[in-house]
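First the structure, in the form of structure tokens, and then the observations on it.
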Amino acid sequence: MTVYLPIAELSVNIFIILGMGAAVGFLSGMFGVGGGFLITPLLIFYNIPPVVAVATGANQVVASSVSGSITHFRRGTLDVKLGSVLLVGGLLGATVGVWIFSYLRSIGQLDLIVSLLYVVLLGTVGTLMLKESISALRRAARNETVTLRRPGHHNWVHRLPLKMRFKKSKIYLSIIPIVTLGFGIGILTSIMGVGGGFIMVPAMIYLLRIPTSVVVGTSLFQIIFVTAYTTIVQAATNYSVDVVLAFILMVAGVIGAQYGVRVGQKLRGEQLRALLALLVLAVALRLAVALVVRPEDLFSVAVGGLGY
Numbered sequence: 001m002t003v004y005l006p007i008a009e010l011s012v013n014i015f016i017i018l019g020m021g022a023a024v025g026f027l028s029g030m031f032g033v034g035g036g037f038l039i040t041p042l043l044i045f046y047n048i049p050p051v052v053a054v055a056t057g058a059n060q061v062v063a064s065s066v067s068g069s070i071t072h073f074r075r076g077t078l079d080v081k082l083g084s085v086l087l088v089g090g091l092l093g094a095t096v097g098v099w100i101f102s103y104l105r106s107i108g109q110l111d112l113i114v115s116l117l118y119v120v121l122l123g124t125v126g127t128l129m130l131k132e133s134i135s136a137l138r139r140a141a142r143n144e145t146v147t148l149r150r151p152g153h154h155n156w157v158h159r160l161p162l163k164m165r166f167k168k169s170k171i172y173l174s175i176i177p178i179v180t181l182g183f184g185i186g187i188l189t190s191i192m193g194v195g196g197g198f199i200m201v202p203a204m205i206y207l208l209r210i211p212t213s214v215v216v217g218t219s220l221f222q223i224i225f226v227t228a229y230t231t232i233v234q235a236a237t238n239y240s241v242d243v244v245l246a247f248i249l250m251v252a253g254v255i256g257a258q259y260g261v262r263v264g265q266k267l268r269g270e271q272l273r274a275l276l277a278l279l280v281l282a283v284a285l286r287l288a289v290a291l292v293v294r295p296e297d298l299f300s301v302a303v304g305g306l307g308y
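Going by the UniProt record's numbering, the final residue of the sequence shown carries number 308, and the count climbs one at a time with no gaps.
Structure, rendered in structure tokens:
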């Protein structure tokens, strides 16, 4: 069964799109990531134009994140105060990111930059996460204590001013690195169509020393509003959000996220991080191959700026 996408200007198999949305929603609920780092490349692999894939992928992230964050809120694993501080930086970053997105599109370099960013960021984050998670799994196998946050252990982040107490997370931390992290994630959301959870979750755990128990739900909470804002601005500025495609992905994503949360609760933290790292590296490898493999069509012709 095919359906026509008006903005993308092509027909697609609805069952394939539903499968993509459900799979990404499942991973979103399981790992606490928005899933944009996966859905955007999948759409591009399925011949959806990158401009549409980025903007519409961000919209799908909203649905899966809402579904997952509600479940975490009910279970008491969501720090609303911490998420709100992240949100401030995220909205500012998303605004800057939309401007950068428009500029790259106007000079014809958007497709290349998006692919390169994915390869570099996913490759780096995936490698670091896999290395750490393997070490944690080995320590667990030897019955050694596995802790991500040692009592009294601080780094340079904890010496910054403007500190605030977050009771749910049981931390006393400066808002500077939190807002900065949100700002960076906001830029990535606008340019790459990602929720940013694949960077935010490791940063919150390893850099900010936030307990893993509240990281997933808090990450999803922030992702909801930043991606929703990005979708609205992208639609109004670049006219690149395909409503039909977004609706199909949202329906499947909401359903998949519910099952993902249940599975994620049954796995240990180091197991989740190892699986997420492998997934991130697989996507990076696929994109890297696409950048160097000889394309079927060596040349393309476009007409622009003629004033017709």
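Positions of the beta carbon are idealized from the N, C-alpha and C atoms, including for glycine.
What you are looking at is a predicted structure, and each value in this text was computed from that prediction instead of being measured.
Run of the alpha helix (DSSP H) containing residue i, from where it starts to where it stops
{"i": "R138", "result": "L110 to A141"}
{"i": "S219", "result": "T212 to T237"}
{"i": "G83", "result": "V80 to S106"}
First through last residue of the beta strand (DSSP E) which encompasses residue i
{"i": "I187", "result": "I187 -> not in any beta strand (DSSP E); alpha helix (DSSP H) instead, spanning I175 to M192."}
{"i": "Y4", "result": "T2 to L5"}
{"i": "S169", "result": "Careful: S169 lies outside any beta strand (DSSP E) and carries neither H nor E."}
{"i": "S11", "result": "L10 to N13"}
Beta-carbon separation (whole angstroms), residue i vs residue j, contact threshold 8 Å
{"i": "S213", "j": "L82", "result": "Actually they do not touch by this definition, with Cβ atoms about 13 Å apart."}
{"i": "L128", "j": "L278", "result": "Not really, about 13 Å apart at Cβ, beyond 8 Å."}
{"i": "L208", "j": "L173", "result": "6 Å"}
{"i": "I44", "j": "S240", "result": "Between S240 and I44 the Cβ distance is about 13 Å, and since that is not below 8 Å, they are no contact."}
{"i": "F221", "j": "V80", "result": "7 Å"}
{"i": "G260", "j": "G90", "result": "Not really, about 22 Å apart at Cβ, beyond 8 Å."}
{"i": "L5", "j": "L245", "result": "5 Å"}
{"i": "V12", "j": "Y46", "result": "7 Å"}
{"i": "V125", "j": "V280", "result": "6 Å"}
Identity of the residue in the options nearest residue i by Cα
{"i": "L188", "options": "A235, Q258, L92 and F221", "result": "L92"}
{"i": "A288", "options": "R105, P50 and G123", "result": "G123"}
{"i": "L285", "options": "V51, Y118, M200 and A136", "result": "Y118"}
{"i": "L137", "options": "L281, A257, V283 and L275", "result": "L275"}
{"i": "I232", "options": "V3, M1, A23 and V62", "result": "V62"}
{"i": "I223", "options": "I205, D242, I176 and I199", "result": "I199"}
{"i": "residue 313", "options": "G186, K163, K167 and G184", "result": "In the structure as shown, the chain starts at 1 and stops at 308, and residue 313 therefore has no counterpart that could be examined."}
{"i": "Y206", "options": "A228, G184 and E132", "result": "E132"}
{"i": "I191", "options": "F26, T71, V66 and Q234", "result": "Q234"}
{"i": "F166", "options": "P202, A228, P211 and G256", "result": "P211"}
{"i": "V283", "options": "G108, Y229 and V24", "result": "V24"}
{"i": "residue 310", "options": "L116, P202 and A141", "result": "Any property of residue 310 remains undetermined from this structure, which presents the chain solely from 1 to 308."}
{"i": "V52", "options": "L291, I255 and D242", "result": "D242"}
{"i": "A22", "options": "I255, T237, I48 and G186", "result": "I255"}
{"i": "T71", "options": "L291, A290, A203 and A257", "result": "A257"}
{"i": "P49", "options": "V66, R105 and S65", "result": "R105"}
{"i": "V96", "options": "A141, P202, M1 and I185", "result": "I185"}
{"i": "P202", "options": "L121, A140, V66 and N143", "result": "L121"}
{"i": "Y229", "options": "V66, N143, I134 and A94", "result": "A94"}
Contact test: residue i Cβ vs the ligand MN heavy atom, cutoff 7 Å
{"i": "F166", "result": "Of the ligands one can find in the structure shown there are none, so the ligand MN has no counterpart to examine."}
Quiz item: Does the pairing of the segment 246 to 255 with the segment 108 to 121 give three or more beta-carbon distances under 8 Å?
Solution: no
Quiz prompt | the segment 17 to 28 contacting the segment 94 to 103, beta-carbon criterion three pairs below 8 Å | solution = no
Self-check item: Cβ pair count under 8 Å reaching 3, the segment 213 to 222 against the segment 70 to 85
Solution: yes
Quiz item: Between the segment 37 to 47 and the segment 80 to 96, do at least 3 Cβ pairs fall closer than 8 Å?
Solution: no
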